[in-house]
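Presented below is the structure to which this report refers.
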Amino acid sequence: MNPGRPGLTWEGEQEDREAARRAAARRAELAAHAVGEPIVLGNEFAEIRVSRVETRNGSRLLIESPRSGQWVALCPLELEALTWQGPATFSAMIGSPFGPLVGEED
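Just so it is clear: in the sequence shown, position 26 is 26 by the UniProt record's numbering, and no numbers are missing.
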């Protein structure tokens, strides 16, 4: 049962809530290890905040969207992989937000 809206529930609600809790805790843990001040970039379409964070496996960039609450932490190899992409990859990402570009394995 959803405490904020009695009677409204959905299949997987508890799993979604737990996944969101874990993601929020992980983001807070990363943000606690930020180095320096974040950089904020924005235009009429989007705004992002980028911070360098230190983890036990080295530096990462924490990229956050304050508007949507989405975030990702990328290692240097993942960031370098962005430089290998062409405009079509980014167009596909923008054209299908919040979804994977390729099917996920079960």
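All C-beta atoms, glycine included, are put in the ideal place defined by N, C-alpha and C.
How many Å lie between residue i and residue j at the Cα?
i	j	result
ARG56	GLY7	44 Å
THR9	TRP84	43 Å
LEU101	GLY42	24 Å
LEU79	ALA92	18 Å
HIS33	PRO66	19 Å
GLU18	ALA88	35 Å
Mind checking whether the beta-carbon of residue i lies closer than 7 Å to any heavy atom of the ligand NAD?
i	result
THR55	Because no ligand of any kind appears in the structure shown, any question about the ligand NAD cannot be addressed here.
Check the DSSP bridge columns for residue i and list the partner residues they point to.
i	result
ALA34	VAL53
Answer yes or no: do residue i and residue j have a C-beta to C-beta separation smaller than 8 Å?
i	j	result
VAL53	VAL40	no
GLY58	CYS75	yes
TRP71	LEU77	no
Here's the rule: buried if 16 or more other CB atoms are within 10 angstroms of the residue's CB, otherwise exposed. What is residue i?
i	result
ARG26	exposed
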